[in-house]
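Colleague: Residues in the sequence shown are numbered consecutively from 327, following my numbering. Can you keep this structure in mind? I'll have questions shortly.
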Amino acid sequence: MENFENNFEERYQYAQKRVKRLKGFYSHLVVYILVNIMIVFLNIRDLEPGESYFQFENFFTAFFWGIGLLTHAVSVFGHHLIFGKEWEEKKIKELMNKDKQERWE
């Protein structure tokens with residue numbers, strides 16, 4: 327019984343750390359979105375007549391901060407963010423179906 331309680335405590339602490347990491351990422355995402363909306367608004371407001379908004383300096387913060395946000399996402403969600411278990415299973419089925427069609431044609 328004591329082993330179960332120790333195991334439960336370990337699992338609880340792990341889950342608690344995971345929730346903190348998720349909360350940190352989502353907070354980072356919300357701040358990123360709000361700050362970049364404010365930057366876009368200020369940049370559009372300060373445009374000269376006839377000047378295009380689509381210039382590199384208008385996207386500098388969003389681009390480099392976005393790289394940091396992507397890094398944060400990978401650290402929280404791991405490699406499953408892009409190549410998760412579902413993707414692997416889907417790709418295996420796709421390749422098996424393709425192989426089956428090629429062999430029987």
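C-beta atoms are modelled at their ideal positions from N, C-alpha and C, and glycine is treated no differently. Here the structure is a predicted model, which means the values were calculated and not measured.
1. On the CB-based measure, 16 or more other CB atoms within 10 Å of its CB, does M327 come out buried or exposed?
2. At a cut of 8 Å, does the region 387 to 397 reach the region 334 to 347 through at least three beta carbon pairs?
3. So the candidates are I418, T387, K419; which of them puts its Cα closest to the Cα of Y358?
4. With C-beta atoms as the reference, is N362 less than 8 Å away from N384?
5. Quick check on Q427: does DSSP put it in helix, strand or coil?
6. With distances taken Cα to Cα, identify the nearest neighbour of S353 among V366, L421, H398, F334.
7. Using only CA atoms, which one of F380, F403, N423, F367 lies nearest to K349?
8. By the three-class DSSP mapping on this structure, what secondary structure does S378 have?
Modeller: In brief:
1. With a pLDDT of only 49 at M327, under 50, the local geometry of the prediction cannot be trusted, and the value read off the model is given with reservation. It counts as exposed.
2. Not touching, per the Cβ criterion.
3. Answer by Cα proximity: T387.
4. In this structure, N384 does not lie closer than 8 Å to N362 by Cβ.
5. Three-state DSSP puts Q427 in a helix.
6. When only C-alpha atoms are compared, the closest one is H398.
7. For K349, the nearest C-alpha among the options comes from F403.
8. For S378, the secondary structure class from DSSP, reduced to helix, strand or coil, is coil.
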